[in-house]
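Residue numbers (the numbering used here): 41 to 340.
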């Protein structure tokens, strides 16, 4: 069986935007190489605004109108058949057919994706029916450690941690081959974050490919959830490898500075500021940020 479920090679995304100077392009992704394997968790990390969520949107076929995409971004089934996800309108249409059924999605803010005037159970049941699945909503909640009583609750009656687990249940409703989780532990306390990451680990152990997008390296490192980690900076993957290597012995200076900024490592300030992704120079790199910081008087 083919193990790769999501494959990107040379994946580049430019999104139309407007600035004070007029029309511009957001360099959301540049020459990205990435692969997610069945049975494994691949974490994509980096500061907020570096392009992680845009990469998720590309996988889901939800890039804004007018976006220019180049390179390859494919879903690859167990037999090795590739489905391109970003080849214009056709790519978005193909991705839409996979969304929910083959590629499950856990959004950043689950509460905003649920209808406030309907119970969780009615919405989860509808989702299962729409996806043509045979899963029982009560079984889905049990899979994410939620009691059956949550089916009768309205979204506002659930805590943040319960909503996050409910979001994972919705994402699993179609029995997906790939689970894409965007900042799933943001705003959760340490115990709930650990529980949520543990659920994602179990999904991978059951055979799915899990893409975990997060800026919370501390929780990622503490949990041991990820098998691979890719570090994104200004729309580019600057380092990728086994989680133990990237999180313990990173080779790229940006990765090292990210880890140095963690509480466990003394909260050392990151040098300089993140660049705007509009109209970046073609060969922009972290070295330019370091040089600008040094010129401004930053000292390590």
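By construction, the Cβ of each residue, glycine as well, lies at the ideal position given by its N, Cα and C atoms.
{"Asked": "Residue from 236, 95 and 135 with nearest C-alpha to residue 263", "Found": "236"}
{"Asked": "For residue 142, the first and last residue of its enclosing beta strand (DSSP E)", "Found": "That residue, residue 142, is in no beta strand (DSSP E); it is neither H nor E in DSSP."}
{"Asked": "Status (buried if at least 16 other CB within 10 Å, exposed otherwise) for residue 137", "Found": "exposed"}
{"Asked": "C-alpha gap between residue 254 and residue 81, whole angstroms", "Found": "12 Å"}
{"Asked": "Residue 168 versus residue 176 - alpha carbon distance", "Found": "8 Å"}
{"Asked": "Alpha-carbon to alpha-carbon, residue 165 and residue 159", "Found": "10 Å"}
{"Asked": "Those runs of the beta strand (DSSP E) which lie wholly inside the segment 228-299 and span at least 3 residues", "Found": "249-254, 268-273 and 276-282"}
{"Asked": "Residue 284 versus residue 61 - alpha carbon distance", "Found": "44 Å"}
{"Asked": "Alpha helix (DSSP H) segments (min. 4 residues) lying fully within the segment 71-105", "Found": "92-100"}
{"Asked": "Cross-strand partners of residue 113 (DSSP beta bridge)", "Found": "48"}
{"Asked": "Backbone secondary structure at residue 313 - three-state DSSP", "Found": "coil"}
{"Asked": "Nearest residue (CA-CA) to residue 327, options 245, 300, 293 and 289", "Found": "293"}
{"Asked": "Straight-line gap, residue 144 to residue 212 (C-alpha atoms, nearest Å)", "Found": "6 Å"}
{"Asked": "Residue 320 and residue 66 closer than 7 Å at C-beta", "Found": "no"}
{"Asked": "Alpha-carbon to alpha-carbon, residue 296 and residue 63", "Found": "35 Å"}
{"Asked": "Within 7 Å, strictly: CB atoms of residue 271 and residue 50", "Found": "no"}
{"Asked": "For residue 277, the nearest candidate out of 219, 181, 69 and 192 (CA to CA)", "Found": "69"}
{"Asked": "When 140, 55 and 157 are compared against residue 195, the one with the closest alpha-carbon", "Found": "157"}
{"Asked": "Residue nearest to residue 182 in terms of C-alpha spacing, selected from 199, 200, 97 and 210", "Found": "210"}
{"Asked": "Distance CB(residue 118)-CB(residue 125) smaller than 7 Å", "Found": "no"}
{"Asked": "Pick from 96, 113, 204 and 232 that is closest to residue 149, judged by C-alpha positions", "Found": "204"}
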